[in-house]
Amino acid sequence: MTMATGPATARPAVTAASALARTYRELVASCEALNVRIASAAPEAQLDGAQLARSQEALDAFIDAEAARIREHHGHAPRRDVAASRALHDYLWSVSLLMSGPWYVERRVPRIAPQDVRIDVAAAAFEIVPGSSFTCLPDDPAAGMPGVRVVAHEEALRAELRAAVADHAGPLLAAAGPHARRRSRALWGMAADDLVSGIWYLGRMLDQEDRAIRAATELLPTAVPPFPGGADFRRLAGRDGRRHPTRTRLGCCMYYTLDAARACSTCPRTCDAERLRRLEEAG
8 MTMATGPATA RPAVTAASAL ARTYRELVAS CEALNVRIAS AAPEAQLDGA QLARSQEALD
68 AFIDAEAARI REHHGHAPRR DVAASRALHD YLWSVSLLMS GPWYVERRVP RIAPQDVRID
128 VAAAAFEIVP GSSFTCLPDD PAAGMPGVRV VAHEEALRAE LRAAVADHAG PLLAAAGPHA
188 RRRSRALWGM AADDLVSGIW YLGRMLDQED RAIRAATELL PTAVPPFPGG ADFRRLAGRD
248 GRRHPTRTRL GCCMYYTLDA ARACSTCPRT CDAERLRRLE EAG
C-alpha cells in the first residue's frame, strides 16, 4: 500500500531582488570596511540618498554627523569642507562597491536608486534596499529572469557599471560640491577613486589582488567621461624583489587634514619611498 504524502514545500521563487540581496550579504561578509545592512522591508522614514541631493537640511545633517565623528576620533573640529569631503567619500565608496561588487564576483550590474540607500547618520552606516533588476551577460543563468537586462559582451557590461555609478553619483556631487569646495573635475576624480579603490579592496579581501587590479584597469583604462582619469596602477620594487601595486588618487580624500603625520597611502602627498616603507612593514 502506498502512503499518501503531502505536497512538497514550495521554495521561494528566485527574483532579481532576492538574487541581489544574496550577493549583497556575501559582499558585506567579505568586506569588513563595508558598513551596510540589507533592508528586509519597505523604506522607512529615514534619511536616504535622494534626500541628500535635494534637501539642504538633509545634507547638513549628513555633514554635521561626520564632523562630530571627526571631533570624537581625532580630537579637533574639522573644516566644513573637510567634513563634507569625508562624508561624501564614505558614501561614494560604499555605494560604488555595492554596484561594482556584484559585477566583479558575478558579472551582474545593479542600478541602485538613490532612494534605496538609507543612511544612519549617527552610526555612519548604510542600508540597501535590493532593486528588482540588474544587467548581465547572455550566459548568466538569470538572463531570462523578469527585470534582468542582457548586454552582448564584457565591455558593454563595463559601460553599464560606469553609467550606473555616474547616474547615481551625479546629483549628489552637484549638491555636495559647494560644501566640499570642489569643482566638477575634482568631484568626479573622487568618484573614480572610490570606484577603483572599492574593487581593489574587494580583490584583497578575496585574495585576488592581481585579478582585481586587472578588472579595475579594464573598467577605467583611461579617462572615460565623466570620470577624469583611469585606474593607473603601477608597481613599486621592494628590497626583496617583490613588486607592490599602488596608484595615486585623482582627487584628495582629505585624510591628511585629520592626521597630518599620515596621509593615505595613495595620496599625491605620499612619496613612493614612504609607500614602499608602509607596504613592506605590513608584509
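Just so we're on the same page, our numbering is the position in the sequence shown counted from 1, plus 7.
Don't be surprised by glycine CBs; every beta carbon is placed ideally from N, CA and C.
Name the DSSP beta bridge partners of Glu134, please?
Arg44, Arg125
Can the beta-carbon of Pro121 be found less than 8 Å from the beta-carbon of Ala57?
yes
In terms of residues, what are the limits of the beta strand (DSSP E) holding Leu243?
Start and end: 241 to 244.
For Trp207 and Ser139, what's the separation of their Cα atoms in angstroms?
27 Å
Tell me the residue span of the beta strand (DSSP E) that contains His251.
Looking at the DSSP string, the run of the beta strand (DSSP E) that includes His251 is 250 to 253.
For Asp201, the nearest candidate out of Cys260, Glu161, Gln215, Gly210 (CA to CA):
Cys260
Tell me which residues share the same chain as Arg285 and place their Cβ nearer than 7 Å to its Cβ, disregarding the 5 neighbours each side in the sequence.
Ser272
Terminal residues of the beta strand (DSSP E) in which Arg169 lies
That residue, Arg169, is in no beta strand (DSSP E); its alpha helix (DSSP H) goes 161 to 187.
Cβ of Arg256 within 8 Å of Cβ of His186?
Taking 8 Å as the Cβ cut-off, Arg256 and His186 do not qualify as a contacting pair.
Which whole-angstrom value describes the C-beta separation of His175 and Val102, a residue pair presumed to lie in contact below a C-beta threshold of 8 Å?
6 Å
Roughly how many angstroms lie between the CA atoms of Gly13 and Ser92, to the nearest whole one?
With a pLDDT of 46 at Gly13, under the threshold of 50, the modelled position of that residue is not reliable, and no figure is offered here.
Where does Arg256 sit, in a helix, a strand or coil, going by DSSP?
coil
DSSP three-state assignment for Pro117, whether helix, strand or coil:
strand
Three-state class that DSSP yields for Asp55 in the structure shown
strand
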